[in-house]
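A short worksheet on the structure shown next.
Written out as structure tokens, the structure reads:
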């Protein structure tokens with residue numbers, strides 16, 4: 023059976039209509055908000071508004087709206103809630119669909135915003151005195167006095183997609199590969215949600231699902247797979263580690279990918295590389311939970327158990343921690359004293375580091391020989407050579423017993 027040829031933008035131009043803001047709901051499944059939400063199914067619109075106010079600088083948008091009104095050139099993107107039974111976008115021409123959606127909106131149909139949550143929340147707080155009062159921000163949030171501005175922002179242009187599946191590809195291109203990139207955790211959350219949707223569509227064929235999402239966002243380096251693994255690692259930490267504070271992981275989520283990129287750390291926590299991992303199973307084996315908690319504690323700390331991170335620089339995940347996890351003596355020392363430098367000294371990592379530095383210095387000097395003759399008898403260069411000779415002699419002395 024020949025599969026239907028489909029692509030992200032298939033389906034023609036999407037209808038654009040004006041919708042009253044009080045008929046537009048904030049998105050409880052917005053990837054940028056997931057880290058602030060305990061249960062996406064029970065969170066209220068008030069709670070979502072507070073999250074956006076507390077963490078996403080909606081005041082800046084409010085000030086622009088007060089000054090300029092709403093720019094019609096920047097419609098938000100919405101999906102309708104509870105369309106009439108049997109209503110399908112594909113059954114209508116563009117003009118017919120636009121008219122029908124406009125009529126449904128006038129009849130009170132509600133929508134959920136999937137692109138433009140900050141703008142919608144800003145407008146709601148500008149127009150709703152009671153909302154500002156409940157949030158306790160009435161005295162500090164910007165206010166709009168101009169009645170024309172109020173009228174202008176109360177009903178705004180919206181591009182309407184039929185459902186979340188239809189808009190998912192657009193969000194990926196815009197925020198994963200495009201100019202308006204999300205922060206690391208939001209990217210990973212979007213990737214995870216989209217892959218899970220594809221898995222359901224393709225009868226749990228994980229490789230096909232991941233490949234489809236990679237095509238959508240234009241990922242050719244397999245970074246998407248690594249972000250997906252990192253997200254699964256976070257979810258397992260959230261569910262499996264007792265009394266572990268996962269909030270620092272959200273704030274520095276990209277470090278989880280750095281951890282995963284280390285072969286030695288992967289071996290220590292028992293996780294496969296991205297091209298071998300089975301996404302239908304848990305990524306951290308049950309018998310490696312303690313090691314997993316060790317690594318997360320060393321990298322992110324765990325205030326619930328009074329432990330600070332041992333890292334002062336994220337680069338030390340690769341340069342030092344990756345060596346420490348290969349040495350039982352170094353692990354015991356690090357666990358007891360929380361001293362990464364001291365633990366590193368108990369591995370053979372310093373020797374390898376020294377050899378790399380010497381090899382690099384040798385290559386640089388060897389390369390310089392090819393053109394050094396051009397600078398014969400130049401004092402500043404001869405002085406540098408003399409300094410180099412002295413350093414080499416000192417190095418030899420340190421290496422000899």
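Residue numbers (my numbering): 23 to 423.
No residue lacks a Cβ here, since even glycine has one placed at the ideal position from N, Cα and C.
These numbers were taken from a predicted model, which means no experiment stands behind them.
Which residues bound the beta strand (DSSP E) around residue i?
i: residue 281; result: From DSSP, residue 281 is part of no beta strand (DSSP E) but of the alpha helix (DSSP H) over 276 to 283.
i: residue 99; result: 98 to 102
i: residue 128; result: Not the beta strand (DSSP E): residue 128 falls in the alpha helix (DSSP H), residues 116 to 128.
i: residue 177; result: 177 to 182
As a quick exercise: from the options, pick the residue whose alpha carbon is nearest that of residue i.
i: residue 175; options: 398, 97 and 137; result: 97
i: residue 80; options: 343, 103, 139 and 40; result: 139
i: residue 78; options: 256, 113, 57 and 238; result: 57
i: residue 251; options: 270, 266, 222 and 218; result: 218
i: residue 46; options: 420, 356, 322 and 144; result: 144
i: residue 208; options: 244, 245, 272 and 155; result: 272
i: residue 41; options: 179, 236, 409 and 403; result: 179
i: residue 361; options: 377, 338 and 240; result: 338
i: residue 253; options: 185, 274 and 383; result: 274
i: residue 160; options: 150, 169 and 168; result: 150
i: residue 126; options: 86, 113 and 103; result: 103
i: residue 155; options: 68, 123 and 186; result: 68
i: residue 304; options: 313, 293 and 312; result: 293
i: residue 193; options: 84, 238 and 170; result: 238
i: residue 313; options: 185, 356, 231 and 171; result: 356
i: residue 173; options: 298, 87, 334 and 384; result: 87
i: residue 341; options: 408, 376 and 328; result: 376
i: residue 108; options: 184, 124, 230 and 240; result: 184
What are the start and end residues of the alpha helix (DSSP H) that includes residue i?
i: residue 414; result: 401 to 421
i: residue 146; result: 139 to 149
i: residue 270; result: 269 to 273
i: residue 333; result: Residue 333 -> no alpha helix (DSSP H), and no H or E assigned at all.
i: residue 305; result: Neither: residue 305 is in no alpha helix (DSSP H) and is coded neither H nor E.
i: residue 113; result: Note, residue 113: premise wrong, no alpha helix (DSSP H); not H, not E.
i: residue 166; result: It is not in any alpha helix (DSSP H) - residue 166 carries neither H nor E in the DSSP assignment.
i: residue 219; result: 206 to 223
i: residue 249; result: 245 to 262
i: residue 316; result: 311 to 322
Quick check: does the Cβ of residue i come within less than 7 Å of any heavy atom belonging to the ligand MN?
i: residue 299; result: The model depicted lacks the ligand MN and carries no ligand whatsoever.
Would you tell me roughly how many angstroms separate the C-alpha atoms of residue i and residue j, rounded to the nearest one?
i: residue 30; j: residue 330; result: In this prediction, residue 30 scores a pLDDT of 47, lower than 50, which makes its location untrustworthy; the coordinate-derived value is nonetheless stated afterwards. Using only the alpha carbons, I get a separation of about 45 Å.
i: residue 181; j: residue 92; result: 15 Å
i: residue 346; j: residue 277; result: 17 Å
i: residue 310; j: residue 258; result: 12 Å
i: residue 35; j: residue 110; result: 15 Å
i: residue 210; j: residue 386; result: 40 Å
i: residue 255; j: residue 343; result: 18 Å
i: residue 201; j: residue 95; result: At residue 201, the pLDDT of 45 sits below 50, so the modelled position is not reliable and the matter cannot be decided from this model.
i: residue 130; j: residue 177; result: 13 Å
i: residue 381; j: residue 285; result: 23 Å
i: residue 366; j: residue 270; result: 24 Å
i: residue 324; j: residue 353; result: 17 Å
i: residue 420; j: residue 400; result: 31 Å
i: residue 359; j: residue 412; result: 37 Å
i: residue 396; j: residue 370; result: 41 Å
i: residue 37; j: residue 48; result: 20 Å
i: residue 315; j: residue 263; result: 7 Å
i: residue 373; j: residue 321; result: 24 Å
i: residue 118; j: residue 105; result: 16 Å
i: residue 306; j: residue 248; result: 14 Å
i: residue 62; j: residue 75; result: 18 Å
i: residue 71; j: residue 50; result: 10 Å
i: residue 235; j: residue 364; result: 44 Å
i: residue 89; j: residue 148; result: 12 Å
i: residue 163; j: residue 128; result: 30 Å
i: residue 233; j: residue 296; result: 13 Å
i: residue 391; j: residue 416; result: 23 Å
i: residue 351; j: residue 410; result: 36 Å
i: residue 335; j: residue 418; result: 31 Å
i: residue 245; j: residue 265; result: 31 Å
Below 8 Å on the Cβ atoms is my contact criterion, and I expect residue i with residue j to pass it. Report the Cβ-Cβ distance as a whole number of Å.
i: residue 212; j: residue 53; result: 4 Å
i: residue 301; j: residue 228; result: 4 Å
i: residue 132; j: residue 39; result: Not confirmed; about 14 Å, so no contact.
i: residue 146; j: residue 59; result: Rounded, the Cβ-Cβ distance is 18 Å, inconsistent with contact.
i: residue 101; j: residue 189; result: 6 Å
i: residue 215; j: residue 267; result: No, residue 215 and residue 267 are not in contact; Cβ-Cβ is about 24 Å, not under 8 Å.
i: residue 14; j: residue 135; result: The structure shown does not extend to residue 14, since the chain spans only 23 to 423, so no value can be given for it.
i: residue 290; j: residue 332; result: Actually they are not in contact, since the Cβ atoms of residue 290 and residue 332 sit about 15 Å apart, beyond 8 Å.
i: residue 348; j: residue 368; result: Rounded, the Cβ-Cβ distance is 11 Å, inconsistent with contact.
i: residue 55; j: residue 73; result: 6 Å
Problem set entry | Segments of 4+ residues assigned as alpha helix (DSSP H) that fall wholly inside the region 29 to 96 | Here the runs fully enclosed are 67 to 77 and 80 to 90.
Exercise. Fully enclosed by the region 348 to 395, which alpha helix (DSSP H) runs are 4 residues long or longer?
Worked result: Correct list: 350 to 359, 362 to 367 and 371 to 390.
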